[in-house]
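Working notes for the structure below.
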Amino acid sequence: MRIGGFLPLSLCDYPERVAAVVFTRGCNFRCPFCHNGHLLTNEAADDLFADDVLARLSELAVRLQGVVITGGEPTLQPRLADFLGRIRELGLAIKLDTNGSRPDVLAALLEARLLDFIAMDIKAPWERYPVLAGTACDVAALQRSVALIAGSGLPHQFRTTRVEPLLSQADCEAIRRQLPAGSPHVFQTFRPENALDPRLRKD
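This is the structure we're talking about:
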């Protein structure tokens, strides 16, 4: 596991739960509005050791109700399932934040019952995804992840960062139409301070 950050306590990252947050390193998207640009690559000398993070979670377990695994893109981590299994042993609920690009990994985690909540970012209408994701995208894979999540029976949420220079009102309406009826979807506030694309930043 490549872990680039750890937040011991959060009241806002896991709905209705007190949670710790684990930030994995590495992402296959380059969203221009990303505010975690320091986690996008695997080139870092200050990674945290998985065993150290697990030990810290064990110490905090009596005060926590869950753990959020975010990134970066967690499903790129080869040992993600093992890491989640060890969190399970601590009796903590697990929320996964994902861009949905690896439905096979998502399906395996669901089959192993290693997830309790899933949040998937929906960047744009399908036809505009490469612009908002900053790279070519396998839209069919994203659509499969949406279907897996919506049909999982788990609490879940689809979310879109509303970047006004890049997403129009028509785009936002199209995003809602492309998601399954009944699945929660929220628009998140864009935070420009640390945007990956400097043209989107504000002083």
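Going by the numbering used here, the first residue of the sequence shown is number 9, and it counts up by one from there. Beta carbons are placed, not taken as given, at the ideal position from N, Cα and C, and that holds for glycine. A quick note: this is a predicted structure, and the numbers were derived from the prediction, not measured.
- Boundaries of the beta strand (DSSP E) around Ile77: Gly74 to Thr78.
- Ala116 is not a Cβ neighbour of Val76, given a cutoff of 8 Å.
- In this structure, the straight-line span from the alpha carbon of Val194 to that of Asp205 is close to 23 Å.
- In the three-state scheme derived from DSSP, where H, G and I count as helix and E and B as strand, Ile157 is classed as helix.
- For the pair Arg94 and Pro16, the CB atoms are not nearer than the 8 Å cut-off.
- Put simply, the stretch 104-114 touches the stretch 124-131. At least three CB pairs are less than 8 Å apart.
- Under the DSSP definition of a beta bridge, Asp105 partners with Ala127.
- The residues Leu204, in chain order, have a CB closer than 6 Å to that of Cys42 in the same chain once the five nearest residues on each side in sequence are set aside.
- Between Met9 and Ala69, the C-beta spacing is not below 8 Å.
- Measuring C-alpha to C-alpha distances from Arg167 to each of Ala148, Ala155, Pro192 and Ser160 identifies Pro192 as the nearest.
- For the options Gln85, Tyr137, Asp179 and Ala89, the alpha carbon positioned closest to that of Arg33 is the one of Gln85.
- Beyond the five residues adjoining it in sequence on each side, Tyr137 comes within less than 8 Å, by CB distance, of Lys131, Cys145, Val147 and Leu150 in the same chain, given in chain order.
- With distances taken between CA atoms, Gly161 lies nearest to Gly190 out of Gly190, Gln73 and Leu175.
- For Ile11, DSSP records a beta bridge to Thr32 and Leu56.
- Shown here for Arg38: same chain residues with a beta carbon closer than 6 Å to its own, the five before and five after excluded, namely Gly142 and Thr143 in chain order.
- Bounds of the alpha helix (DSSP H) holding Phe91 are Leu88 to Arg96.
- In the assembly as shown, Cys20 is an exposed residue. Its beta-carbon has fewer than 16 other beta-carbons within 10 Å.
- The C-alpha of Thr169 is placed about 12 Å away from the C-alpha of Asp179.
- Under the three-state reduction of DSSP, His43 is assigned to coil, being neither helix nor strand.
- The C-alpha of Pro188 lies about 33 Å from the C-alpha of Gly13.
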